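Visitor:
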Amino acid sequence: MSDAVSLLEIDNLTVTFAGGAFRAVDGLSLTVEEGEVLGIVGESGCGKSVAMLATLGLIGYPGRVSASTLRLAGQDLLEISPRQRRRILGKEVAMVFQEPMSSLNPCFTVGYQIMETLRTHEGGTRKELRNRTVELLQQVGIPSPEKRLRAFPHQLSGGMNQRVMIAMAIACNPRLLIADEPTTALDVTIQKQILELLLNLQRERGMAMVLITHNMGVVAESAHRVAVMYAGQVVELQPSGSLFNAPRHPYTAALLNSLPERGAPVAALGARPRLPSISGLVPGQFDRPGGCLFHPRCVLAHTRCTLENPALETVDAKGVRCHTPLTGPLAGVWAEATSGQPAAVIPEGQ
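Once you know that position 95 of the sequence shown is 194 in this note's numbering, the rest is easy, because the numbers rise by one and skip nothing.
1) In terms of DSSP beta bridges, what is E412 paired with?
2) Please determine if the segment 238 to 250 and the segment 272 to 288 are in contact, where contact requires at least 3 C-beta pairs separated by less than 8 Å.
3) Which runs of the beta strand (DSSP E), 3 residues or longer, sit entirely within the segment 298 to 365?
4) Can you tell me where the alpha helix (DSSP H) with I265 in it begins and where it stops?
5) Using CA atoms only, rank isn't needed, just tell me which of L358, G316, Y350 is closest to G340.
6) Using a 10 Å radius around the Cβ and a threshold of 16 neighbouring Cβ atoms, would you call T115 buried or exposed?
7) Nearest to A322 by CA position, among G331, E295, H348, is which residue?
8) L298 to S128, Cα distance in whole Å?
9) List the whole-angstrom C-beta distance separating G210 from T232, where the pair is believed to meet the contact cut-off of C-beta under 8 Å.
10) To the nearest angstrom, how far is it from the Cα of V318 to the Cα of Q292?
11) Alpha carbon to alpha carbon, what distance is there between L169 and V192?
12) Thinking S105 and E132 are a contact (beta carbons under 8 Å), I'd like their distance in whole angstroms, please.
13) Leaving out five residues before and five after S148 in sequence, what residues of the same chain have Cβ atoms less than 8 Å from its Cβ?
14) Indicate the three-state DSSP secondary structure (helix, strand or coil) for Q384 in the structure shown.
15) With 16 other CB atoms within 10 Å as the buried threshold, where does V327 fall?
16) What is the DSSP secondary structure of G156, reduced to helix, strand or coil?
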């Protein structure tokens, strides 16, 4: 997709809290092309959702947002007024939030909430708005849409509410849809239905989509490119196929190594083998290490990793933030290492 026009451009995005003491997002740079599905993955707390909320201008006090570039469809999001931003949100770009029950207003029917979105951005008579809302509910697979117009969020299931959120998001044909953990708290069958719905809508409408998730299996099936985040930084950026077949960052390799489907087969009469894991936690405000932020948990860490935070080196839409990316012999070293037991820091070059 190298010839595509960048729809969303983010360069050096930083989001801080606690007076700048804590960096939830640290120098993030990404692009999203027209019609592309970009997956953003990582552990909880790595800054995935905060980065997209900051892009949309939805980070409130005491958060502080700064960026070198923040542009949507050529429009500078750093320079526009709050009124101009409101015209864009819901029209050019829309977001499906994590928790539909807390995102929908419990005091209004779902029909009213969808119609309010249409009224704000497109206008029309009451009858036109109602007919359009019924069409949207049909598109997202809600049965008896005329009846559901009068339902309140608490009268619908979690899956139904998520479909209502998707209907609101696509109501004005946005060019970019951000889906933040769209299958959270849903059972497996409903998760599959919601994901298929989003991907079908994305293809039919030709819109770009940013899919935020901690589920590597979800992005493997749906994303064109994948950005892996750790402690507020992008540590790897690759096309989906390349990332799953040949991860270059030790953190990405550890995430993939911990997937159940990649674990050792269960012996007929033996004990079930333990899944590999990554020891430790994502660093917070008071335990942020010097050098590479992943080095305390990395089996390949060496002296340079403790002193110097690597830059994200990007070539041909592929990037990795690591002093010793997994290529050649190092890939074999990592495969043999126990990801749950970080190695002692070794001198660089050994």
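We put the beta carbon where it would ideally sit given N, CA and C, even for glycine.
Please read all numbers here as calculations on a predicted model, not as lab measurements.
Guide: Considering the structure as presented:
1) V419
2) no
3) 307 to 311, 324 to 329, 332 to 338
4) 257 to 269
5) G316
6) buried
7) E295
8) 25 Å
9) 6 Å
10) 15 Å
11) 14 Å
12) 6 Å
13) Q197, D279, E280, I311
14) coil
15) buried
16) coil
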